[in-house]
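Each remark here refers to the structure printed beneath this line.
Number of protein chains: 2
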Amino acid sequence: MEDRTQNGNEGEGFRRILAAAEKLFADRGFDAVSMHAIAMEAGISKANIYHYFPNKDALYLAVLRCASRGLREELQEVVNSHGTATEILHHFAVSHLQGLMNRPRLVRLVWREILEKGAPRAREVAEQGFAEIFAALVGVLKTGQQRGELRADFDPAIAATLLIGANVFFFQSRDILRHYPPVTFVDSPLGYDVSIVDILLRGLAQGKAAQDDLQESVP
Amino acid sequence: MEDRTQNGNEGEGFRRILAAAEKLFADRGFDAVSMHAIAMEAGISKANIYHYFPNKDALYLAVLRCASRGLREELQEVVNSHGTATEILHHFAVSHLQGLMNRPRLVRLVWREILEKGAPRAREVAEQGFAEIFAALVGVLKTGQQRGELRADFDPAIAATLLIGANVFFFQSRDILRHYPPVTFVDSPLGYDVSIVDILLRGLAQGKAAQDDLQESVP
DNA sequence: GTCTATAGATTGATAGAC
DNA sequence: GTCTATCAATCTATAGAC
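Chains as they are written, first to last, in the working numbering: chain L, 3 to 221; chain A, 3 to 221.
Here's what the structure looks like:
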């Protein structure tokens, strides 16, 4: 009963099962997907799945773990790149949103898990990927504050929540926003990110005028 | 087969069923909840549910429709209040987040539905409540732009996405953020909202200094 | 490794007594 | 309106042939 998700000698059927399960679990959720449906999608028999995975829960966990790989390394590279905080923030925002858009199934899997209050099956995996991205972004913001590039009087964790939230929310609700007339940015995630980072940086950067304008309403 | 969710003469058992179903559906999702489980939670028999609802789907839809009422009216009132765009935005942000925090089950139900790509059972209800809130916020921002209170060169729909996304993301991930050391704002949603509106308004308000500082990186 | 066949439990929904 | 009893379908998981 070795963990086959750790090494590379998986075999063809193994990958087909994992891919089929990832698609179905992401689209419909754990309980709405039967082992029979996964087998059909993978083009094999139901019993064959149990040759690779002891039960449905183990398959689900393997799907989440397998799908989670990749995004982490991608973003770590961005965070460790050289440049001003402004530059890295732009780069991070775009890379993060592209990372989400390139892995729609992973994102839906993770957020399904986060919404779950009854039987969290893979909560740890979901939280871990989440926390690493968050920590990386907070690091970028803190560096910007230490360098005097960004204001020192805002909470970097709150600013990070704003940016990551803007990206995740864009990803989650783009299908709904598309049907809504005043929204024109749904099909250009890059343009969206340039705009939100612009707004955020205007709010986070050193600069007295905007600050003075607000003094009355934010004492 | 009258729609009992429209009028008030529901009766005791009816309300118990709706409450039990709302809790279980929100916690575990549609497919993970059996009619038997709902009956147990409501303290009645399974067959009795079918006296009030023709099938499980109808019960689920009734739960969503019933839970959706209230938040809409609450926010419309805020949007139509008098004051500067800045004031209304502060008010809206706080009211919106409080509205989410006061209805955790409704929010989880709606977002489960939005994540669903396989069998959208109540997509319309979810989208409708979403769109109304979004439209209201865009209206506030546009008014602020027309009055010259806010910059005219940002897309109000993008700014609305930023604010609503910040609130929804806070709600969705507050349990995860709580476990993360640098985060200190989880237990004071009001303080969180004051901070993000502060950051956003600095970025959206008229003011030349911050703008000039960024000219080089945002041509 | 892959299959057919099937066990055993649970599901959504119904029938009919009270 | 509320119940017990039950149906037919479907579910996870296993047994065992090839």
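The C-beta atom is built at its ideal place from N, Cα and C for all residues, glycine as well. Computed from a prediction, not measured in an experiment: that's the story for all the values here.
Check your understanding: Using a beta-carbon distance cut-off of less than 7 Å, what residues from the stretch 52-77 of chain A approach chain L?
Key -> So the list is empty, because no residue satisfies the distance condition.
Practice item. Could you name each continuous alpha helix (DSSP H) segment of 4 residues or more that falls completely within the stretch 25-93 of chain L, going from the start of the chain to the end? Key: Whole alpha helix (DSSP H) segments, 4+ residues: 37-44, 48-54, 58-70, 73-81.
Check your understanding: Nearest to residue 16(A) by alpha carbon, out of 50(A), 35(A), 28(A), 31(A)?
Key -> The shortest C-alpha separation from residue 16(A) is found at 50(A).
Check your understanding: Within this structure, are the beta carbons of residue 143(A) and residue 207(A) separated by less than 8 Å?
Key -> In this structure, residue 207(A) does not lie closer than 8 Å to residue 143(A) by Cβ.
Review point. For residue 195(A), is the classification buried or exposed, using 16 other Cβ atoms within 10 angstroms of its Cβ as the cut-off for buried?
Key: buried
Check your understanding: So which residues of chain L does residue 112(A) contact, with C-beta pairs closer than 7 Å?
Key -> Those within 7 Å of residue 112(A) in chain L number zero; the least Cβ separation is about 10 Å.
Exercise for review: Label residue 24(A) either buried or exposed according to how many other C-beta atoms from any shown protein chain fall within 10 Å of its C-beta, with 16 as the threshold for buried.
Suggested key: buried
Check your understanding: For residue 216(L), which residues from the same chain have a beta carbon less than 7 Å from its beta carbon, with the 5 sequence-adjacent residues on both sides left out?
Key -> With a pLDDT of 45 at residue 216(L), under the threshold of 50, the modelled position of that residue is not reliable, and no figure is offered here.
Check your understanding: Taking C-beta to C-beta, are residue 62(A) and residue 124(A) nearer than 8 Å?
Key -> yes
Practice item. For residue 207(L), name the three-state secondary structure that DSSP assigns. Key: strand
Check your understanding: If we cut at 8 Å on Cβ distances, does residue 134(L) have a partner in chain A?
Key -> no
Review point. Does residue 16(L) come within less than 8 Å of chain A when only Cβ atoms are used?
Key: Residue 16(L) is outside the set of residues whose beta carbon lies under 8 Å from a beta carbon in chain A.
**Study point:** Candidates 12(L), 34(L), 21(L), 18(L), of which the one nearest residue 120(A) by Cα
**Key:** Per the Cα distances, 34(L).
Check your understanding: CB-CB under 6 Å to residue 134(L), same chain, minus the five flanking residues each way: which ones, in chain order?
Key -> 74
Exercise for review: Check each residue of the stretch 24-36 of chain A: if its Cβ is closer than 7 Å to any Cβ of chain L, include it; give the result in chain order.
Suggested key: 29, 30, 31, 33, 34
Review point. Is the Cβ of residue 83(L) closer than 8 Å to any Cβ of chain A?
Key: no
Practice item. Along the alpha helix (DSSP H) that carries residue 190(A), what are the first and last residues, could you check? Key: According to the DSSP assignment, residue 190(A) belongs to no alpha helix (DSSP H), since it is labelled neither H nor E.
Review point. Can you tell me whether DSSP reads residue 6(L) as helix, strand or coil?
Key: Reliability fails at residue 6(L), whose pLDDT of 49 lies under 50, so the model's placement of it is uncertain and the value that follows must be treated cautiously. Coil, per DSSP.
Review point. Can you name, in chain order, every residue of its own chain whose Cβ lies under 8 Å from the Cβ of residue 59(A), other than the five neighbours on each side?
Key: 123
**Study point:** Distance CB(residue 198(L))-CB(residue 164(A)) smaller than 8 Å
**Key:** yes
Practice item. Keeping to the same chain, check which residues put their C-beta closer than 7 Å to that of residue 20(A); ignore five residues upstream and five downstream. Key: 64, 65, 68
Point to revise | Contacts of residue 119(L) in chain A (Cβ-Cβ under 8 Å) | key: 28, 29, 30, 110
Check your understanding: Less than 8 Å separating the beta-carbons of residue 174(L) and residue 160(A)?
Key -> Cβ atoms of residue 174(L) and residue 160(A): not closer than 8 Å.
Practice item. Return yes when the Cβ of residue 110(L) is within less than 8 Å of the Cβ of residue 39(L), no when it is not. Key: no
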